[in-house]
Amino acid sequence: MILTRPYIPKIPPIHTVQRSVKRFLSNSGVLKIEGANYGRTDSTTCSAGRPTSQITKTDCYATNTLTLVKSKCDGKITCSVPASNSVFSDPCVNTYKYLSMRYTCTTETSVTCEGSTAVLTCGSGVIKIDSANYGRTDPTTCSAGRPTSQITKTDCYSSNTLSVVKTSCDGKTTCSVPASNSVFSDPCVNTYKFLIIKYFCAVEL
Numbered sequence: 001m002i003l004t005r006p007y008i009p010k011i012p013p014i015h016t017v018q019r020s021v022k023r024f025l026s027n028s029g030v031l032k033i034e035g036a037n038y039g040r041t042d043s044t045t046c047s048a049g050r051p052t053s054q055i056t057k058t059d060c061y062a063t064n065t066l067t068l069v070k071s072k073c074d075g076k077i078t079c080s081v082p083a084s085n086s087v088f089s090d091p092c093v094n095t096y097k098y099l100s101m102r103y104t105c106t107t108e109t110s111v112t113c114e115g116s117t118a119v120l121t122c123g124s125g126v127i128k129i130d131s132a133n134y135g136r137t138d139p140t141t142c143s144a145g146r147p148t149s150q151i152t153k154t155d156c157y158s159s160n161t162l163s164v165v166k167t168s169c170d171g172k173t174t175c176s177v178p179a180s181n182s183v184f185s186d187p188c189v190n191t192y193k194f195l196i197i198k199y200f201c202a203v204e205l
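Shown next, in the form of structure tokens:
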């Protein structure tokens, strides 16, 4: 079994105006906070209707922002963070502030060659399956020592893979799934297959 952490494009920064609450949601994977600041770093963001005196200071940073936001959001599917002095303290009195956050949604990828068993484990939180396929979608994965005839078919999908894996793994801290025709049936006879699973460890709210 091979575990990889694929590159996931960063989501554009999110801005939340002072005295409001922003709810963040990951549609695929769990939240990973990359950066955060409560304060003001430009004169245009969240400036509508504000007097010039409240938006001119642009070197305003609450040093505890990243730590607090990560503690509320990292590893979760959704989280809510108030943009408030009561949460972050007031880094610049009389300046109208906003909470700026950059985050990604991350998953793990498990690849298991036919005849072996996938073992998924979450050190914290529980397993949530994002996608899964038993078959073959490229000629290189699990190809070592295999004749060309067994790895050339790359449009091989077992339609029941996701439901089987979710039943076996969702909501558990660990699970095992054999990469086997006896579990998923044989979607492409005489092709050497592999089980690929994308999942994440979700921290309960």
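The numbering of the sequence shown is the UniProt record's numbering, which starts it at 1 and goes up by one. Glycine included, every Cβ here is placed at the ideal spot set by N, Cα and C.
### Whole-angstrom distance between PRO147 and PRO82, CA atom to CA atom
58 Å
### Task
Could you pull the start and end residues of the beta strand (DSSP E) that PRO167 belongs to?
Strictly speaking, residue 167 in this sequence is Thr, with Pro absent from that position. Premise fails: THR167 lies in the alpha helix (DSSP H), 161-169, not in any beta strand (DSSP E).
### Task
May I have the straight-line CA-CA distance separating LEU66 from SER47, to the nearest angstrom?
23 Å
### Query
In or out: SER149 buried (at least 16 other Cβ within 10 Å) or exposed?
exposed
### Message
Please report the distance separating the alpha-carbon of THR58 from that of ARG102.
### Response
19 Å
### Query
Between the Cα of ASN190 and the Cα atoms of ASN181, ARG50, TYR96 and CYS122, which residue gives the shortest distance?
ASN181
### Task
Ignore the nearest five residues each way along the sequence and tell me which others in VAL183's own chain have a CB closer than 8 Å to its CB.
TYR134, VAL164 and VAL177
### Task
Mark THR56 as exposed unless 16 or more other C-beta atoms lie within 10 angstroms of its C-beta, in which case mark it buried.
exposed
### Query
If we ignore side chains and look at the alpha-carbon of each, how far apart do VAL69 and SER116 end up?
40 Å
### Residues that PRO178 bridges to, as DSSP identifies them
THR117
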